[in-house]
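Taking it in order: structure first as structure tokens, then the write-up.
Numbering (the working numbering), first residue to last: 96 to 282.
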């Protein structure tokens, strides 16, 4: 369902998204990383970067909301746990930004299990609940730029979306950021 590819990146204007068929490698267990470059036309808007799950009971989602926050939302069974930060204070409209979300369930405490980097700077997160030690599994597709649970697709651009079934190190995030930052100088 991708209609708009510009200069190698996806221009998602609320009508396009990427769908990755379910695969056992997308059942993350205790380690995962989601990474991409994103550019939004306005800050404090709904934008669904990554979503795996079709119900409130089996969801892993990374998204921005119109309150100015970016969320990493984990819903397993009746648990609804998430970390978030005010992305509107670090992300500008119409500007490329590198986003990396690292989950490591083998560590204890929310701030050790979940780390979010914007342009290679770790963000201080606020919490609701306790981030699970094991991510929920399901047999549904992985979406980039869309959610099956929340309404509204992404209005913006995304480039180099990557999903790892392990926790990247801070050095690996820096390496990926440096490898693409010249490409994403704002045009």
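Note that CB positions come from ideal geometry on N, CA and C, so glycine has one too.
No experiment lies behind these values; they were computed from the predicted model shown.
Whole-angstrom distance between residue j and residue i, CA atom to CA atom
i: residue 125; j: residue 194; result: 20 Å
i: residue 141; j: residue 274; result: 28 Å
i: residue 99; j: residue 249; result: The predicted position of residue 99 is uncertain, since its pLDDT is 49 and thus under 50; a value taken from the coordinates is nonetheless stated next. C-alpha separation (whole angstroms): 13 Å.
i: residue 241; j: residue 253; result: 12 Å
i: residue 139; j: residue 214; result: 18 Å
i: residue 114; j: residue 108; result: 16 Å
i: residue 129; j: residue 207; result: 16 Å
i: residue 143; j: residue 223; result: 19 Å
i: residue 110; j: residue 157; result: 18 Å
i: residue 201; j: residue 145; result: 22 Å
i: residue 97; j: residue 185; result: Because residue 97 sits at a pLDDT of 44, beneath the cut-off of 50, its placement in the model cannot be relied upon, and the following sentence gives the value as read from the coordinates. Taking the straight line from one Cα to the other gives about 28 Å.
i: residue 217; j: residue 209; result: 11 Å
i: residue 182; j: residue 189; result: 14 Å
i: residue 229; j: residue 112; result: 27 Å
i: residue 267; j: residue 136; result: 28 Å
i: residue 212; j: residue 134; result: 15 Å
i: residue 221; j: residue 150; result: 24 Å
i: residue 277; j: residue 203; result: 36 Å
i: residue 238; j: residue 147; result: 6 Å
Residues near residue i by beta carbon distance below 6 Å, same chain, minus five either side
i: residue 244; result: 154
i: residue 122; result: 232
i: residue 263; result: 128, 197
Bridge partner(s) assigned by DSSP for residue i
i: residue 143; result: 158
i: residue 129; result: 196, 258
i: residue 250; result: 108
i: residue 217; result: 212
i: residue 238; result: 114, 146
i: residue 164; result: 181
i: residue 170; result: 154, 175
i: residue 223; result: 177
i: residue 134; result: 252
Reduced DSSP category for residue i - H, G, I as helix; E, B as strand; rest coil
i: residue 206; result: helix
i: residue 96; result: Reliability fails at residue 96, whose pLDDT of 40 lies under 50, so the model's placement of it is uncertain and no value is given.
i: residue 271; result: helix
i: residue 280; result: coil
i: residue 121; result: helix
i: residue 188; result: coil
Close Cβ partners of residue i (< 8 Å) along its chain, the five nearest in sequence each way excluded
i: residue 280; result: 191
i: residue 187; result: 138
7 Å Cβ shell around residue i - same chain, five flanking residues per side excluded
i: residue 255; result: 131, 132, 275
i: residue 160; result: 141, 166
i: residue 225; result: 176, 205
Cβ-heavy atom distance, residue i to the ligand HEM, below 8 Å
i: residue 185; result: Questions concerning the ligand HEM fall outside what the structure shown contains, since it holds no ligand whatsoever.
Cβ contact (3+ pairs, closer than 8 Å) linking the region 113-124 and the region 164-177: The answer is no - the region 164-177 does not touch the region 113-124, with fewer than three Cβ pairs under 8 Å.
Could you check whether the region 218-236 touches the region 253-260, counting it as contact only if at least three pairs of C-beta atoms, one from each stretch, sit closer than 8 Å? Result no; under three Cβ-Cβ pairs closer than 8 Å.
Assess contact between the region 172-185 and the region 265-272, defined as three or more Cβ pairs (one per stretch) separated by less than 8 Å. Is contact present? Taking 8 Å as the limit for Cβ pairs, the verdict is that the region 265-272 does not touch the region 172-185.
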